[in-house]
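Visitor:
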Amino acid sequence: MRTVAAGVVLAVLFVGCGPDPKDRAKLSVLQKEVFTPSCASSSCHGGANPVEGLDLREGKTLASTVNVDSHLQTGTKRIVPGDAENSLLFQVVSGTATDVQRMPANAPPLDDADIEAIRLWIEAGARVD
Numbered sequence: 004m005r006t007v008a009a010g011v012v013l014a015v016l017f018v019g020c021g022p023d024p025k026d027r028a029k030l031s032v033l034q035k036e037v038f039t040p041s042c043a044s045s046s047c048h049g050g051a052n053p054v055e056g057l058d059l060r061e062g063k064t065l066a067s068t069v070n071v072d073s074h075l076q077t078g079t080k081r082i083v084p085g086d087a088e089n090s091l092l093f094q095v096v097s098g099t100a101t102d103v104q105r106m107p108a109n110a111p112p113l114d115d116a117d118i119e120a121i122r123l124w125i126e127a128g129a130r131v132d
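Read left to right, the sequence shown gives residues 4 to 132 (the working numbering).
This is the structure:
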């Protein structure tokens, strides 16, 4: 009986031990853990000629996204601070964008925790931390 009880306690402790999206909703964390490894390769949104002019390399992300018009959808901003639902970057990574392929292209979608961290960062104003 003690073994079962100990197992239940351990299971409860480990459920939800993944990173909390609120703790990751910072540009420095998103840059290191999401944008650089998943988006900023030289064949996508990095290098000398980032696709659609969207440069997600470290030190370039804010200037390339916040209040910047999308090249893909007229009248749409890449990031609208405080409004993830109307930010094309969030729509594209979450799979809710109309007429724009889900990103990252040719790779598995970002996991839910990454998408939620991006949403929370945008909702908090999409600032440098």
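Glycine residues also receive a C-beta, built at the ideal position from the N, C-alpha and C atoms.
#1: Provide the residue(s) that pair with Val32 in DSSP beta bridges, ordered along the chain.
#2: Measuring CA to CA, which of Leu59, Asn52, Glu55 and Gly50 is closest to Lys35?
#3: Distance, Cα to Cα, Trp124 vs Met106?
#4: Suppose the cutoff is 8 Å on Cβ atoms and the five residues either side in sequence are ignored; what does the same chain contact list for Leu13 look like?
#5: Could you pull the DSSP bridge partners for Val69 from this structure?
#6: Which residue marks the beginning of the alpha helix (DSSP H) containing Gln94, and which one marks its end?
#7: Given 8 Å as the limit, is there contact between the stretch 107-114 and the stretch 73-81, that is, 3 or more CB pairs closer than that?
#8: Can you tell which of Gly62, Lys63, Asn109 and Leu57 has the C-alpha that lies nearest to the C-alpha of Leu91?
Guide: To lay it out plainly:
#1: Per DSSP, none; premise fails for Val32.
#2: Of Leu59, Asn52, Glu55 and Gly50, the residue nearest in Cα terms is Leu59.
#3: For Trp124 and Met106, the distance between alpha carbons rounds to 18 Å.
#4: Interpretation of Leu13 is limited by its pLDDT of 37, a score under 50 that renders its predicted location unreliable; the figure taken from the coordinates is listed afterwards. Residues of the same chain with a CB within less than 8 Å of the CB of Leu13, apart from the 5 flanking positions on each side, do not exist.
#5: DSSP, once it has assigned bridges, lists Ile82 as partnering Val69.
#6: For Gln94, the enclosing alpha helix (DSSP H) covers residues Leu91 to Ser97.
#7: No, the stretch 107-114 is not in contact with the stretch 73-81.
#8: Scanning Gly62, Lys63, Asn109 and Leu57 for the CA closest to the CA of Leu91 turns up Leu57.
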